[in-house]
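Okay, structure first, notes after.
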Amino acid sequence: MTRPVAETIVNFSGTARRVLAPNPSPARLEGTNSFLLQAPGSRSVVVVDPGPSDSAHLDRLCSAGRVELILITHRHSDHVEAMNELADRTGAPVRAKAGEFCRDADPLGDGEVIRAAGIRILSLDTPGHTGDSVCFQLPDDRVVVPGGGEFGVVLTGDTVLGRGSTAISPHGGGTIGDFLRSLKKLERLGGMVGLPGHGSLIPDLAATCERQSLRRRERLTQMVAFLDGLGVPLSTDDETVALIVDHFNAGLDPALRRAAEASARAQLIHLVEENDAAQRALEES
Ligand SMILES: [Zn+2]
99 MTRPVAETIV NFSGTARRVL APNPSPARLE GTNSFLLQAP GSRSVVVVDP GPSDSAHLDR
159 LCSAGRVELI LITHRHSDHV EAMNELADRT GAPVRAKAGE FCRDADPLGD GEVIRAAGIR
219 ILSLDTPGHT GDSVCFQLPD DRVVVPGGGE FGVVLTGDTV LGRGSTAISP HGGGTIGDFL
279 RSLKKLERLG GMVGLPGHGS LIPDLAATCE RQSLRRRERL TQMVAFLDGL GVPLSTDDET
339 VALIVDHFNA GLDPALRRAA EASARAQLIH LVEENDAAQR ALEES
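Numbering (the numbering used here), first residue to last: 99 to 383.
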């Protein structure tokens, strides 16, 4: 079913517009958010995350002006699948943290300021969801929140979603330790709204990051207590992963089981590493 353009393209801020891709699922919420960035009056545009290979979606991405640059928040296919198609169609270079997702351009540097489509885009390394996850801050943009003053704008990819918690993807190089550090990095940016890769605008990014980080730490403590209570040693084997998912994700939509297992494994890897480090420190003291 084709949705009217008015529903799929939303002006989130002065320079960023969301173009919702038609790929909803339990993990992807309403679908992938691609973004168009451009200064008011600019003839060219930056596309962040081309999304799935869907011709109507690509038509929308190409409708706002000449595509000058394509940016990638991370390696997952629901964000990069249409990358080559869009690059072929527009001739625009593609930039990502991982070299394998770049075309005719260099990988993104942490803290690098990109100038395109009349605006500045600050690339921030935020590994954790995957090893190559980045966020894009828009220093020229402000959002006025009714009763809440002016906020800066950050595109968060899948590092922080519009709702629910981010899955950690060990296969994509994601780790809990990196993820918690990245949440802290975003929290320190202060008054920002987040424009996520899935879901709608995050009104107070710092508060959301703090809450999520607290929830993750609580969950790690609960996991240790749960396994301890069963007399099961900390391990990353399949049985332990299944025990954790069955206990902490009871009633889970089966479509989300694999993502929950990957996240549970990432948490167990983190706990085993912490445990080993504590053991080494004890032995050395
Ligand atoms: Zn992702």
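Where a beta carbon is used, it is the ideal one built from N, C-alpha and C, also for glycine.
Is the beta carbon of L236 less than 9 Å from the beta carbon of V252? yes
Which residues mark the beginning and the end of the alpha helix (DSSP H) in which D175 is found? Correcting the residue type first, residue 175 is Ser in the shown sequence and not Asp. First-last of the alpha helix (DSSP H) with S175: 175 to 178.
Who are the near neighbours of D202 in its chain, counting only those whose CB is closer than 6 Å to its CB and skipping five residues on each side? P191
Would you tell me roughly how many angstroms separate the C-alpha atoms of A360 and D256, rounded to the nearest one? 15 Å
Can you list, in chain order, the residues of its chain whose CB lies under 7 Å from that of G129, leaving out five sequence neighbours each side? L118, A119, P120, N121, P122
Expected contact under 8 Å - CB spacing of T264 and I367 to nearest Å: Actually they are not in contact, since the Cβ atoms of T264 and I367 sit about 16 Å apart, beyond 8 Å.
Buried or exposed for K195, please, with buried defined as at least 16 other CB atoms from any protein chain shown within 10 angstroms of its CB. buried
Could you please give the first and the last residue of the uninterrupted beta strand (DSSP E) stretch that includes S123? That residue, S123, is in no beta strand (DSSP E); it is neither H nor E in DSSP.
Three-state secondary structure (DSSP) of L184: helix
Taking the runs of the beta strand (DSSP E) that are 3 residues or longer, which of them lie wholly in the region 203 to 260? 211 to 214, 217 to 223, 232 to 243, 247 to 255
Can you give me the C-alpha to C-alpha distance between T395 and L332, rounded to a whole angstrom? Residue 395 is absent from the model: the chain starts at 99 and stops at 383.
Where do the ends of the alpha helix (DSSP H) carrying L287 lie? Unbroken run through L287: none, as it is neither H nor E.
Contact check, L299 vs L293 under 8 Å by CB: the rounded distance? 6 Å
Could you pull out every residue in the same chain whose Cβ sits closer than 6 Å to the Cβ of C307, ignoring the five residues on either side in sequence? L281, L284, E285
Quick one: what does DSSP say P352 is sitting in, helix, strand or coil? helix
Boundaries (first-last residue) of the beta strand (DSSP E) holding A114: 114 to 118
Inter-residue spacing [alpha-carbon to alpha-carbon] between V177 and G295: This sequence places His at residue 177; Val is not what is there. Taking the straight line from one Cα to the other gives about 8 Å.
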